[in-house]
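K.L.:
Protein chains: 2
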Amino acid sequence: MSKKKQEFVAHITSKEEDFSRWYTDIILKTDLVDYSPVRGSMVIKPYGYEIWENIQKELDERFKATGHKNAYFPLFIPESLLQKEADHVEGFAPEVAWVTHGGDEKLAERLVVRPTSETIICAMYSKWIQSYRDLPLLYNQWCNVVRWEKTTRPFLRTLEFLWQEGHTAHATEEEAQEETMKMLGVYREFSENVLAIPMVAGKKTEKEKFAGAVSTYTIEALMQDGQALQAGTSHNLGQHFAKVFDIQFLDRDGEQKYVWQSSWGVTTRLIGAIIMVHGDERGLVLPPKVAPVQVVMVPIAFHKEGVLAKAEALFEELKAAGLRVELDDRDTQSTGWKFNEWEMKGVPVRLEIGPKDIEKNQVVLVRRDTHEKIFVPMENLADTIKSMLDDVHKGLYEKALAMREAHTHEAHNMDEFKDALENKKGFIKAMWCGRDTCEDSIKEETGATARCMPFEQEYLDEHCVCCGEKAEHLVFFARAY
Amino acid sequence: MSKKKQEFVAHITSKEEDFSRWYTDIILKTDLVDYSPVRGSMVIKPYGYEIWENIQKELDERFKATGHKNAYFPLFIPESLLQKEADHVEGFAPEVAWVTHGGDEKLAERLVVRPTSETIICAMYSKWIQSYRDLPLLYNQWCNVVRWEKTTRPFLRTLEFLWQEGHTAHATEEEAQEETMKMLGVYREFSENVLAIPMVAGKKTEKEKFAGAVSTYTIEALMQDGQALQAGTSHNLGQHFAKVFDIQFLDRDGEQKYVWQSSWGVTTRLIGAIIMVHGDERGLVLPPKVAPVQVVMVPIAFHKEGVLAKAEALFEELKAAGLRVELDDRDTQSTGWKFNEWEMKGVPVRLEIGPKDIEKNQVVLVRRDTHEKIFVPMENLADTIKSMLDDVHKGLYEKALAMREAHTHEAHNMDEFKDALENKKGFIKAMWCGRDTCEDSIKEETGATARCMPFEQEYLDEHCVCCGEKAEHLVFFARAY
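Line order of the protein sequences matches chains A and B.
According to this note's numbering, the first sequence is numbered sequentially starting from 15.
According to this note's numbering, the second sequence is numbered sequentially starting from 15.
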């Protein structure tokens with residue numbers, strides 16, 4: 015490593031040394047976000063927003079392919095609507111922003127800035143749903159939401175964030191459950207095939223479920239510091255909202271019935287997960303399918319005749335082949351500086367092209383994840399790069415999976431639990447009796463929460479890791495973001 | 015017209031009889047929007063939202079092609095930021111929603127729900143812009159905004175609406191002006207080539223310009239009831255915001271200078287314009303490029319062998335060719351009912367296919383705008399339909415242009431002005447001295463406002479239509495939404 019490179023990379027705190035500062039350094043220095051003058055609200059800069067646009071595009075295609083349509087519901091929710099579902103209001107009221115005045119006028123009824131939209135959407139569904147013919151109703155919206163969080167961190171927990179929220183209504187309990195599971199499946203498939211992040215999928219405990227749901231299902235990812243991150247949730251709402259919002263339909267059998275509902279969402283925090291799962295000491299490492307720039311072309315000695323022209327011709331060829339490509343022809347920066355900058359920005363593949371390469375009708379490709387450097391012919395270059403991007407994706411996924419497996423530990427008693435959590439970090443797999451009291455005392459003693467009861471249940475022991483009484487479920491515990 | 019058809023169409027009020035009720039009937043009955051429990055806030059239903067998605071896609075491509083990037087800025091703006099630019103706060107403070115509490119806590123400083131984002135964006139630009147190398151800065155955001163309007167109407171004027179706002183910073187006054195005009199040009203080209211709506215482009219008067227701008231440029235469309243609608247604006251902000259937010263850069267010449275800025279936006283009200291420019295007595299007439307469904311296939315006698323199979327094969331063929339196509343194979347509705355419903359929903363082309371058509375290897379195509387019915391071979395059907403969609407687009411544009419021309423009247427004195435406005439409706443072209451007093455008294459006497467001073471100036475008279483003194487500008491006046 016040259017002196018220059020060392021100096022440059024040194025701007026990012028080592029993640030072994032201070033993971034939290036490493037994270038902050040990356041998000042600021044790679045221009046993903048910036049802090050704003052509004053407490054807890056971030057500005058998403060173009061490089062970060064483009065990742066979100068790619069996430070949106072991939073998810074939106076999947077939502078539409080599974081029969082969902084997008085709609086848009088109001089930002090403001092009258093206080094009386096929020097209060098209809100008792101658990102829901104209890105969960106959300108402490109963390110909402112209140113609009114009390116419009117212009118100079120004090121409002122007769124306060125408005126909540128939506129923290130989630132079940133209430134306003136159910137108020138509409140009650141109007142729209144009359145007959146079994148109106149079901150299933152499968153809507154989604156892309157929007158901003160606000161939660162008055164005390165401690166915030168860009169992407170992970172912010173006062174305002176961007177998300178999508180799906181809201182569906184069905185004629186039967188079975189269909190609602192099927193939808194709930196189907197959309198969790200979509201999230202999991204998307205996370206693995208687009209973000210290259212392996213997920214543990216399972217059910218939340220009663221304590222951890224969504225305020226107002228019958229049950230909540232989740233996908234949980236492990237970050238490199240050993241903390242878990244809830245990446246997406248899907249809720250079976252049962253008839254809780256249908257009953258308080260009076261969403262009834264005339265069924266085929268001539269009877270009036272309440273609908274069964276689901277809701278599900280993912281947020282801009284997925285970008286935080288990408289950073290903390292794949293990032294390394296040099297900065298961001300972006301999964302190819304959401305990277306704003308998939309290939310950066312750095313021409314070498316590009317003042318020499320023919321280099322820039324050739325680079326430009328290849329640039330057009332790659333762009334036409336559907337690759338997100340950037341040609342860095344700045345003459346204000348050295349080649350080494352450019353290499354470092356694009357590595358820090360996590361671009362999956364770097365393409366170098368210089369006079370000697372042109373002579374040999376070849377280019378140099380460098381993988382961001384493994385730093386592997388290969389010489390490839392110019393012929394069929396787009397295909398070669400696409401195949402390398404697939405390899406990067408696979409490599410990232412496998413590395414993340416290996417990392418998670420190395421940091422998933424069984425605990426058969428509380429000593430093992432604490433030892434694993436303190437000294438080995440990561441997920442703790444342990445048996446649980448199903449009682450709140452044990453869940454509470456584990457949280458109190460260790461700081462770890464029940465992330466989920468995974469669908470793939472194992473039976474490690476017959477006894478609960480905490481109280482020693484009969485175990486009911488295998489649980490993944492972890493400290494979490 | 016069959017009895018059934020008459021009954022069905024009768025649900026929509028005649029636009030000659032009551033334009034306003036016709037508009038409301040259309041937006042509700044075609045499922046574009048619904049009213050919500052929040053005063054002045056609409057729910058955009060999937061059929062309306064899909065039009066917005068198509069508008070977004072077309073505009074976003076144009077923004078990116080002209081070098082702009084998307085970002086996302088906070089929804090909330092601290093009161094002190096809003097107050098920095100004097101004209102801006104005067105213009106917006108009376109119509110903002112105020113957040114005063116977060117959870118149980120009363121905020122030390124009130125927050126405004128963004129009515130527009132110049133202030134929060136300028137606060138960030140001041141941090142991001144240091145050198146001429148950082149310029150031009152060309153950002154856009156797609157988001158929701160809130161204005162506390164007293165009288166609201168879906169799409170046209172709502173408490174909350176969706177829009178895009180471009181915000182740019184430049185090194186010179188000339189570049190800022192060039193950008194301002196370029197983006198107005200993008201809006202105009204988009205309106206004409208995508209929405210099929212002809213626009214009058216020009217400059218706003220001092221009274222009508224954006225709060226905080228040096229000058230505002232606008233595109234104005236004429237609705238079928240003779241009222242104008244401001245469809246998009248582009249503002250040259252000069253250095254007004256740069257000075258109060260201290261956005262300075264070190265120029266090539268070594269001097270610190272304030273940047274020059276522009277901002278520009280269009281909103282969901284464009285959907286209102288589409289309805290009021292193209293709609294007819296049967297309902298919506300959608301321009302093909304934004305229609306959620308471009309071709310609806312209605313199989314005739316589809317219980318007969320082979321009909322549905324053939325229709326499905328054609329459906330797949332048309333879909334694969336990139337057309338937005340829907341196959342209406344409901345057996346719960348009659349063919350006539352389907353024809354009426356899809357006409358009401360404004361689908362540009364209807365395709366009928368029955369046993370006789372299949373025998374003859376043909377289908378029937380019916381244009382929504384002219385009701386022209388033609389028999390065409392099944393070979394190259396996608397191309398035939400694409401060409402028909404182009405014809406529909408052209409037809410809509412020409413009809414709208416003819417309508418506007420028939421409703422654009424010259425007035426040489428106030429009697430003519432009033433007579434034209436009352437009896438002929440539409441745009442009134444008249445000469446104006448350039449003084450507020452005349453603009454005010456025209457508004458007071460007639461209800462018409464100065465829509466713009468068109469770029470294509472003519473000289474109708476030497477005297478002002480109002481005071482008779484020396485005329486400075488040709489102005490398009492109209493009553494407006």
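Glycine residues also receive a C-beta, built at the ideal position from the N, C-alpha and C atoms.
Whose CA, out of A:S131, A:K221 and A:M138, lies closest to the CA of G180 (chain A)?
P.N.:
Cα-wise, what sits closest to G180 (chain A) is A:S131.
K.L.:
How many Å lie between K257 (chain A) and A100 (chain A) at the Cα?
P.N.:
Going by the C-alpha atoms only, they are around 12 Å apart.
K.L.:
Using the three-state DSSP reduction, which class does Q155 (chain B) fall into: helix, strand or coil?
P.N.:
Strand at Q155 (chain B).
K.L.:
Since I believe F431 (chain B) is in contact with A444 (chain B) (beta carbons under 8 Å), could you give me their beta-carbon distance rounded to a whole number of angstroms?
P.N.:
Correct: roughly 6 Å between the Cβ atoms.
K.L.:
So S277 (chain B) is in the alpha helix (DSSP H); what residue range does that whole segment cover?
P.N.:
Note, S277 (chain B): premise wrong, no alpha helix (DSSP H); beta strand (DSSP E) at W274 to T281.
K.L.:
Shortest alpha-carbon distance to V307 (chain A) belongs to which of A:A335, A:K359, A:M138 and A:V378?
P.N.:
Of the listed residues, the one whose Cα sits closest to V307 (chain A) is A:K359.
K.L.:
Between G116 (chain A) and chain B, is any beta-carbon pair separated by less than 8 Å?
P.N.:
Yes, G116 (chain A) counts as interfacial toward chain B.
K.L.:
If distances are taken between C-alpha atoms only, which option among A:D454, A:R449 and A:S455 comes closest to H487 (chain A)?
P.N.:
When only C-alpha atoms are compared, the closest one is A:R449.
K.L.:
Who are the neighbours of W274 (chain A) on chain C, taking C-beta pairs under 7 Å?
P.N.:
Going by chain labels, chain C is absent from the structure shown, which instead holds the protein chains A and B.
K.L.:
Just list the alpha helix (DSSP H) runs in the region 179-253 of chain A, keeping only unbroken ones of 4 residues or longer that don't cross its boundaries, in chain order.
P.N.:
Listed in chain order, they are 187-207.
K.L.:
Closer than 8 Å, CB to CB, is Y86 (chain B) near chain A or not?
P.N.:
True, the Cβ-Cβ gap to chain A drops below 8 Å.
K.L.:
I'd like to confirm the pairing. Which residues does DSSP put opposite E366 (chain B) in its beta bridges?
P.N.:
E366 (chain B) is bridged to B:V312 and B:V378.
K.L.:
With a threshold of 8 Å between beta-carbons, can Y495 (chain A) be considered close to chain B, or not?
P.N.:
No, Y495 (chain A) lies away from the interface with chain B (no Cβ there is under 8 Å from its Cβ).
K.L.:
My understanding is that G116 (chain A) touches A111 (chain B), with C-beta atoms under 8 Å, so please give their C-beta distance in whole angstroms.
P.N.:
About 5 Å separates the two Cβ atoms, so the contact holds.
K.L.:
Once DSSP output is grouped into helix, strand and coil, what is the label at R124 (chain A)?
P.N.:
R124 (chain A) falls in the strand class under three-state DSSP.
K.L.:
Of the residues A:K98, A:S55, A:I134 and A:T346, which one's Cα is nearest the Cα of V57 (chain B)?
P.N.:
Nearest of A:K98, A:S55, A:I134 and A:T346 to V57 (chain B), Cα basis: A:I134.
K.L.:
Determine, for A137 (chain B), whether the minimum Cβ-Cβ distance to residues of chain A falls below 8 Å.
P.N.:
Chain A contact via Cβ: present.
K.L.:
Under the rule that 16 or more other beta-carbon atoms within 10 Å means buried, what is S277 (chain A), buried or exposed?
P.N.:
So S277 (chain A) counts as buried.
K.L.:
Taking the alpha helix (DSSP H) that C466 (chain A) falls in, what are its first and last residues?
P.N.:
Not the alpha helix (DSSP H): C466 (chain A) falls in the beta strand (DSSP E), residues T463 to P468.
K.L.:
Between the beta-carbon of V291 (chain A) and the beta-carbon of A183 (chain A), is there less than 8 Å?
P.N.:
Taking 8 Å as the Cβ cut-off, V291 (chain A) and A183 (chain A) do not qualify as a contacting pair.
K.L.:
Within 8 Å of any Cβ in chain B, is that where the Cβ of D148 (chain A) sits?
P.N.:
For D148 (chain A), the answer is no, since every Cβ of chain B falls outside 8 Å of its Cβ.
K.L.:
For G279 (chain B) and F255 (chain B), which I take to be in contact (beta-carbon distance under 8 Å), what is that distance rounded to the nearest angstrom?
P.N.:
Wrong, their Cβ atoms sit about 15 Å apart, outside the cutoff.
K.L.:
Determine the DSSP secondary structure at I91 (chain B), reduced to helix, strand or coil.
P.N.:
I91 (chain B) falls in the strand class under three-state DSSP.
K.L.:
For I97 (chain B), name the three-state secondary structure that DSSP assigns.
P.N.:
Looking at the sequence shown, residue 97 (chain B) is not Ile but Gln. It is coil, neither helix nor strand.
K.L.:
In the DSSP output, which residue or residues are listed as bridge partners for I58 (chain A)?
P.N.:
According to DSSP, which records beta bridges pairwise, I58 (chain A) is partnered with A:V47 and B:Y86.
K.L.:
Please classify Y411 (chain A) as buried or exposed, where buried requires at least 16 neighbouring CB atoms within 10 angstroms.
P.N.:
Result: buried.
K.L.:
Give me the DSSP bridge partner(s) of W537 (chain B).
P.N.:
Any property of residue 537 (chain B) remains undetermined from this structure, which presents chain B solely from 15 to 495.
K.L.:
Hey, is W177 (chain B)'s beta-carbon within less than 8 Å of any beta-carbon in chain A?
P.N.:
Not one chain A Cβ lies under 8 Å of W177 (chain B).
K.L.:
Among B:K271, B:H477, B:V363 and B:E31, which one has its Cα closest to the Cα of E187 (chain B)?
P.N.:
Selected option, being the one with the closest Cα: B:K271.
K.L.:
Distance cutoff 8 Å, beta carbons only. Does K400 (chain B) sit that close to anything in chain A?
P.N.:
Judged by the 8 Å Cβ criterion, K400 (chain B) is not in contact with chain A.
K.L.:
Assign E386 (chain B) to buried or exposed, taking buried as 16 or more other Cβ atoms, counted over all protein chains shown, within 10 Å of its Cβ.
P.N.:
The residue is exposed, with fewer than 16 neighbouring Cβ atoms inside 10 Å.
K.L.:
Are at least three pairs of beta-carbons, each pair with one atom in the region 473-484 of chain B and one in the region 450-460 of chain B, less than 8 Å apart?
P.N.:
Taking 8 Å as the limit for Cβ pairs, the verdict is that the region 450-460 of chain B does touch the region 473-484 of chain B.
K.L.:
The beta strand (DSSP E) spanning T165 (chain B) covers which residue range?
P.N.:
Looking at the DSSP string, T165 (chain B) is not in any beta strand (DSSP E), and its letter there is neither H nor E.
K.L.:
For a contact meaning CB atoms closer than 8 Å, what does K83 (chain A) contact in chain B?
P.N.:
Neighbours of K83 (chain A) on chain B, chain order: P60, Y63 and E64.
K.L.:
With a threshold of 8 Å between beta carbons, is E355 (chain A) in contact with chain B?
P.N.:
No, E355 (chain A) lies away from the interface with chain B (no Cβ there is under 8 Å from its Cβ).
K.L.:
If you draw a straight line from the alpha carbon of Q97 (chain B) to that of R124 (chain B), how long is it in whole angstroms?
P.N.:
Rounded to whole angstroms, Q97 (chain B) to R124 (chain B) spans 12 Å at the Cα level.
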